[in-house]
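2 protein chains.
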Amino acid sequence: MTTTIDLAAMGEMAKKASKETARATTEQKNNALQTLADNILKAKSEILKANEEDIFQAKASGMDEAMLDRLSLGGRLEGIVEDTRKLIDLPDPVGKTIENRTLENGLKLTKRRTPIGVLGVIYESRPNVTIDVSALTIKTGNCAILRGGSETLNSNLALVKVIHQSLEDVHLPKNAIQFINNTDRSLVTKLLHLHEYVDLIIPRGGAGLHQFCRENSKIPVITGGIGICHLFVDETADLPRTLEVIYNAKTQRPTVCNALDTVLLHESIADSFLPKIIDRLGASNVSFRLDPKAFKLLEEHSPESKALVDPAEEKDWNTEWLSLVLGIKVVGSLDEAISHIQDHSSGHSDGILTENDQNAKKFVDEIDSSSVYVNASTRFTDGSQFGLGAEVAISTQKLHARGPMGLEELTTYKWVIEGDYHTRK
Amino acid sequence: MTTTIDLAAMGEMAKKASKETARATTEQKNNALQTLADNILKAKSEILKANEEDIFQAKASGMDEAMLDRLSLGGRLEGIVEDTRKLIDLPDPVGKTIENRTLENGLKLTKRRTPIGVLGVIYESRPNVTIDVSALTIKTGNCAILRGGSETLNSNLALVKVIHQSLEDVHLPKNAIQFINNTDRSLVTKLLHLHEYVDLIIPRGGAGLHQFCRENSKIPVITGGIGICHLFVDETADLPRTLEVIYNAKTQRPTVCNALDTVLLHESIADSFLPKIIDRLGASNVSFRLDPKAFKLLEEHSPESKALVDPAEEKDWNTEWLSLVLGIKVVGSLDEAISHIQDHSSGHSDGILTENDQNAKKFVDEIDSSSVYVNASTRFTDGSQFGLGAEVAISTQKLHARGPMGLEELTTYKWVIEGDYHTRK
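Heads up: the protein sequence lines correspond to chains A and B, in order.
Numbering of the first sequence is given in the numbering used here, commencing with residue 176 and proceeding in unit increments.
Numbering of the second sequence is given in the numbering used here, commencing with residue 176 and proceeding in unit increments.
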């Protein structure tokens, strides 16, 4: 299915709509979310029918089960609706005063939150992103141009129809959310060059998509979502509880970016603790990549576990597993652990397990990741877990937003300066 | 003068140094600034000699007076030193807690300011930028790779020598500030592709440089510095005081980005006020570009002023004059003024002059510029005027920072999460 797309015209319409949405009241925006939630449920059978078409085509093209699962909206619409409703209760960041000061000369300065303007969101197989992102966009007074994956086109078109209906129902501009109804890949590049109209690009997908956006965009991009996450087990850690944290971080949801990838074990606890990790996680189908020291240790202390382990290759330390694989390395010191993490972390989520406050402080000071943990699972890096209420992406770059991006991170600010016909000396 | 440059090696050294500078104490960093200030004065004759070489070569190549003036450090080193010393008293943003919360599950979250890491700063003819940017970089625990203009190479090398000496004097890594000692333009592109090591690109220069960076960078860029600035004179404005604000905004320093470019006059006051603007500013050598209505008005009311005015062409409304030229347009309403500004502003600084609070509010709500003024000169958009104490750039884009960027804007944050062996449910 192809449709001729005039992206510049879409950009211009989005820019125009953004002037209107920027001035929408909190009540109007919440009303839009409420209507959207209601309308999704009303259109449920239509949406699921479109989704089934996508699934049928995906199956025919031989898509694997994991991908098919990401594609499916079956049994998930109620959750999506609930998430949309939750946004209603969150505070509207737009218009909020961030800072307020009167200068010596009497000028009154107010730093005030405003919408960013027009977002370009490029995503892959999950059609729920269409609603998630649209709802966040509406709540923050922004506009968005969405570009979904080709494998979810039917689902997305059905969802976008509901979004447009909802915007019209509450008299907000339909062009606040536009969808690129054409799966020609060259349109992604064109979107990335639309800096005249688009203020921010948010990719939602794998490392390849993030890299493509970073390398080709003339618009600021929030890169992230790629987590090579570490936990370091210090010699003073409470080991039985540490085991549960490692188990949780690796197995609770292994396919996501905040799942654990590498465990670093202090050598003084490695010989007793390593076999316990292998036993506990191995029983849940985790397999392991061990550095030479760990490999040797295991051979000595728990030769029967050998079936589950492979020697790690160098590239394994730079791999986001997204599956039930765990790298394990024995280190001689906290410094060695920090240095390994500095070299291999993607800057997403890294933690230390320790009872030593000084070591915890050193780790927190020296590890420069979006989320640095002391005695907790990396799985908490998430907008809703952090109490931000919602999340549009997890940023692992350092500009504008870092870590989970909620509503505030979809805003910028302007300075308002009020004077009495002040002139500069 | 060319030197072989291994930019990747410079990036790697900067990244390494940034781990050290990120942990430097406020005292260490202030000590470095104090030493830098002292060392600049000690090396004054050496610096000025190098600067004279640049000026000599620039004169020989036929550089105009305005450019020569920007190039010259003569009589300016004391000011540069004073600015460096001023940074010492400003609060160190690094390590500051931005937000603090304990979640229901007991996890303690702290959002803590950290340095950005490695800055790539690309600038043109002003050698004072070398010291300004280095001082700001040091104070914020960042590192920088500097790329100055070819016409200031000697001055920059002399200044960088002092910077390196100062860093060594206080035992901070010399590689915290590196300078690309080669004026081959292809190195700019290479710097823009160094995303593995550089976290942020800050261009300091004209529109061409900003555009080049935005279009070629794989690293986030702060664009800005281009100001097409407007003042709208509403029908209720106090006209005598308004005249002084317009005079100040246009003439106080016409070569900078926050100088006034276009005045919009409400038609109900235009016939009496337009000739006053022409008289007052014309006496200071300002010339004018008038829209048809204004042109006609002037012909009727003040034909003797005609020598100073030209009819405006459409492109004039999109021109940053940077000189004693002022565009003037008569508009029929506040809405028409807002619409003109929305179409032509660069998003830098725009203002309204009015005694009507509702009109002021509407203007402030609808004009989406970094700095929106009510009854004040646009000339105040400046880090030091805003009380930020210092300024590395003025951003007109919407990500990360908007308007004058001071010390805080050279930082990012990380989330620190402290738990009691928490696992996610």
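Beta carbons are placed, not taken as given, at the ideal position from N, Cα and C, and that holds for glycine.
Keep in mind that this is a model prediction, so the values were computed, not measured.
The stretch 354-384 of chain A: positions lying closer than 9 Å to chain B by Cβ: His368, His370, Asp374, Leu375
Kindly identify the DSSP beta-bridge partner or partners of B/Leu435. On the second sequence, residue 435 of chain B is found 260 positions in, with the first residue counted as 1. BP columns for B/Leu435 point to B/Cys404.
Starting from the N-terminal side, write out each stretch of the beta strand (DSSP E) that is 3 residues or longer and does not extend beyond the stretch 273-339 of chain A. 283-290, 293-298, 318-322
Compute the Euclidean distance between the alpha carbons of A/His597 and B/Leu582, then round it to the nearest angstrom. Along the first sequence, read from residue 1 onward, the residue named residue 597 of chain A stands at position 422. Along the second sequence, read from residue 1 onward, the residue named residue 582 of chain B stands at position 407. Taking the straight line from one Cα to the other gives about 26 Å.
Start-end ranges of the beta strand (DSSP E) lying completely within the stretch 509-572 of chain A, minimum 3 residues: 524-528, 546-551, 568-570
Within the continuous alpha helix (DSSP H) that includes A/Asp244, where are the two ends? Translated into the one-based positions of the first sequence, residue 244 of chain A becomes position 69. Per DSSP, A/Asp244 belongs to the alpha helix (DSSP H) from 240-246.
Which listed residue (B/Ile569, B/Ser552, B/Asn550, B/Tyr548) has its alpha carbon closest to that of B/Gly558: One-based indexing of the second sequence puts residue 558 of chain B at position 383. Comparing Cα positions, the closest option is B/Ile569.
Taking just the CA atoms, how far does B/Gly316 sit from B/Pro290? Taking the first residue of the second sequence as position 1, residue 290 of chain B is located at position 115. Taking the first residue of the second sequence as position 1, residue 316 of chain B is located at position 141. Spanning the two alpha carbons is a distance of roughly 6 Å.
Assumed close pair B/Ile320, B/Leu362 - CB separation to whole angstroms, cut-off 8 Å: Walking along the second sequence from the start, residue 320 of chain B turns up at place 145. Walking along the second sequence from the start, residue 362 of chain B turns up at place 187. Contact flag wrong, Cβ pair sits at about 10 Å.
Just curious, the alpha helix (DSSP H) that A/Asp485 is in, first and last residue? The count along the first sequence starts at 1 and reaches residue 485 of chain A at position 310. It is not in any alpha helix (DSSP H) - A/Asp485 instead sits in the beta strand (DSSP E) that spans 484-486.
A/Ile592 CB to nearest chain B CB: under 8 Å? The sequence position of residue 592 of chain A within the first sequence is 417, counting from 1. With 8 Å as the cut-off, A/Ile592 counts as an interface residue toward chain B.
Can you give me the Cβ contacts of B/His515 inside the same chain, cut-off strictly under 7 Å, excluding the 5 residues immediately before and after it? Looking up residue 515 of chain B in the second sequence gives position 340. Here the set comprises Leu439, Lys504, Val506.
Give a yes or no on whether the C-beta atoms belonging to B/Asp525 and B/Ser508 are separated by under 8 Å. One-based indexing of the second sequence puts residue 525 of chain B at position 350. One-based indexing of the second sequence puts residue 508 of chain B at position 333. Their beta carbons are not under 8 Å apart, which means B/Asp525 does not touch B/Ser508 by this criterion.
Going by the beta-carbon positions, is the gap between A/Ile453 and A/Ser477 smaller than 8 Å? Position 278 of the first sequence holds residue 453 of chain A. Position 302 of the first sequence holds residue 477 of chain A. A contact, by the Cβ cut-off of 8 Å.
Around the C-beta of B/Pro168, are 16 or more other C-beta atoms found within 10 angstroms, so that it is buried, or is it exposed? For residue 168 of chain B there is no data in the structure shown, the boundaries of chain B being 176 and 600.
If you measure beta-carbon to beta-carbon, which residues of the stretch 406-421 of chain B are closer than 8 Å to chain A? Asp413, Arg416, Thr417, Glu419, Val420
Pull up the distance between the alpha-carbon of B/Leu262 and that of B/Thr327, whole angstroms please. Here the question's residue 262 of chain B lines up with position 87 in the second sequence. Here the question's residue 327 of chain B lines up with position 152 in the second sequence. So the two alpha carbons sit approximately 25 Å from each other.
What do you reckon, are the CB atoms on B/Thr142 and B/Leu216 nearer than 8 Å? Residue coverage of chain B in this structure runs from 176 to 600, which leaves residue 142 of chain B outside it and unanswerable.
With a threshold of 8 Å between beta-carbons, can A/Lys204 be considered close to chain B, or not? Looking up residue 204 of chain A in the first sequence gives position 29. No, its Cβ sits nowhere closer than 8 Å to a Cβ of chain B.
Residues in the same chain with beta-carbon distance under 6 Å from B/Ser392, minus the five sequence neighbours each way, listed in chain order, please. Counted from its first residue, the second sequence places residue 392 of chain B at position 217. Leu367, Ile376.
Please decide whether B/Pro395 counts as near chain A, where near means a Cβ-Cβ distance under 8 Å. Locating residue 395 of chain B in the second sequence gives position 220, where the first residue counts as 1. Taking Cβ atoms only, chain A reaches closer than 8 Å to B/Pro395, which makes this a yes.
Reduced DSSP secondary structure (H/G/I, E/B, other) of B/Pro478: Numbered from its first residue, the second sequence carries residue 478 of chain B at position 303. It is helical.
In whole angstroms, give me the CA-to-CA distance for B/Ser236 and B/Tyr588. By one-based count along the second sequence, residue 236 of chain B stands at place 61. By one-based count along the second sequence, residue 588 of chain B stands at place 413. Distance between the alpha carbons of B/Ser236 and B/Tyr588: 46 Å.
Tell me the DSSP secondary structure of A/Gly631 in three-state form. Any question about residue 631 of chain A goes unanswered here, given that chain A covers just 176 to 600.
Just the Cα atoms here: how many angstroms apart are A/Ser459 and B/His575? Translated into positions along the first sequence, residue 459 of chain A becomes position 284. Translated into positions along the second sequence, residue 575 of chain B becomes position 400. Each residue's Cα considered, the two are about 43 Å apart.
For B/Lys234 and B/Asp244, I'd like the C-alpha separation in whole angstroms. Here residue 234 of chain B is taken as the residue at index 59 of the second sequence, counted from 1. Here residue 244 of chain B is taken as the residue at index 69 of the second sequence, counted from 1. Their Cα atoms are separated by approximately 11 Å.
Alpha carbon to alpha carbon, how far is A/Leu449 from A/Phe470? Give it in angstroms, no decimals. Translated into positions along the first sequence, residue 470 of chain A becomes position 295. Translated into positions along the first sequence, residue 449 of chain A becomes position 274. Rounded to whole angstroms, A/Phe470 to A/Leu449 spans 10 Å at the Cα level.
Going by the CB atoms, is the gap between A/Ala382 and A/Arg554 shorter than 8 Å? In the first sequence, residue 554 of chain A corresponds to position 379, counting from 1. In the first sequence, residue 382 of chain A corresponds to position 207, counting from 1. Their beta carbons are not under 8 Å apart, which means A/Arg554 does not touch A/Ala382 by this criterion.
Contact set between B/Ile291 and chain A, taken where Cβ atoms lie within less than 8 Å: Start at 1 with the first residue of the second sequence, and residue 291 of chain B comes out as number 116. Ordered by position in chain A, the residues that pass the 8 Å Cβ test against B/Ile291 are Lys573, Leu574.
Please tell me whether A/Gly562 has its Cβ less than 8 Å away from any Cβ of chain B. Counting from one through the first sequence, the residue named residue 562 of chain A turns up at place 387. Yes, A/Gly562 lies at the interface with chain B (some Cβ there is under 8 Å from its Cβ).
Within the same chain, show all residues whose beta-carbon is closer than 7 Å to that of A/Ala310, passing over the 5 residues directly before and after it, in chain order. Along the first sequence, read from residue 1 onward, the residue named residue 310 of chain A stands at position 135. Here the set comprises Leu208, Leu211, Thr259, Leu262.
Between A/Glu257 and A/Ala551, what straight-line distance do the alpha-carbon atoms span, to the nearest angstrom? The residue given as residue 257 of chain A occupies position 82 in the first sequence. The residue given as residue 551 of chain A occupies position 376 in the first sequence. Going by the C-alpha atoms only, they are around 28 Å apart.
Check the Cβ-Cβ distances between A/Leu456 and every residue of chain D, and say whether any is below 8 Å. Among the protein chains in the structure shown, which are A and B, there is no chain D.
Does the beta-carbon distance from B/Glu299 to B/Leu384 come in below 8 Å? For the purposes of this step, residue 299 of chain B is taken as residue 124 along the second sequence, with counting starting at 1. For the purposes of this step, residue 384 of chain B is taken as residue 209 along the second sequence, with counting starting at 1. Cβ distance < 8 Å, so B/Glu299 and B/Leu384 count as in contact.
Three-state secondary structure assigned by DSSP to B/Pro378: For the purposes of this step, residue 378 of chain B is taken as residue 203 along the second sequence, with counting starting at 1. B/Pro378: strand per DSSP, three-state reduction.
Straight-line CA distance for B/Lys536 to B/His405? Along the second sequence, one-based indexing puts residue 536 of chain B at 361. Along the second sequence, one-based indexing puts residue 405 of chain B at 230. One C-alpha to the other measures close to 17 Å.
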